[in-house]
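For reference, the structure is listed below as structure tokens.
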Amino acid sequence: MTGFVLLMLAGLASVVYGGLAVIGRPPPGITTIIVLLLFAIGLNSLGIGVLGEYLGRTYAETKRRPLYIVQESMNLETEGPESEPSASAL
1 MTGFVLLMLA GLASVVYGGL AVIGRPPPGI TTIIVLLLFA IGLNSLGIGV LGEYLGRTYA
61 ETKRRPLYIV QESMNLETEG PESEPSASAL
């Protein structure tokens with residue numbers, strides 16, 4: 001999330017400073033460095049966030065927990081092994 005915000009901020013800053021340069025009021029030279037740093041830090045943060053999400057989901061999957069736990073079933077007809085398969089089954 002932070003990486004995306006920083007990328008958007010860098011994009012907004014580059015549009016604003018690009019517009020200033022077009023109308024004849026170029027920003028000081030440090031502006032280019034700041035915008036490039038914001039862009040690089042945003043990309044880095046976005047990549048770390050994606051990697052963290054991937055590792056978190058991998059860790060949760062390695063616990064081998066069931067997808068859900070049924071505490072109680074009500075008004076359900078259970079089909080046992082003695083029931084015959086339906087006609088549409090292959």
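Counting from 1, one number per residue, gives the positions in the sequence shown under our numbering. Backbone N, C-alpha and C define an ideal beta-carbon position, used for all residues, glycine too.
- Leaving aside the five residues that flank LEU7 on each side, the residues in its chain whose CB is nearer than 6 Å to its CB run, in chain order, GLY42.
- Within the same chain, Cβ atoms closer than 6 Å to the Cβ of TYR17 are found at PRO27 and THR31, the five residues on either side in sequence being excluded.
- Going by C-alpha positions, LEU55 is about 40 Å away from GLY29.
- Within the same chain, and ignoring the five residues on either side of ILE48 in sequence, the residues whose Cβ sits closer than 8 Å to its Cβ are GLY3.
- Between LEU36 and ALA13, the gap from beta carbon to beta carbon reaches 8 Å or more.
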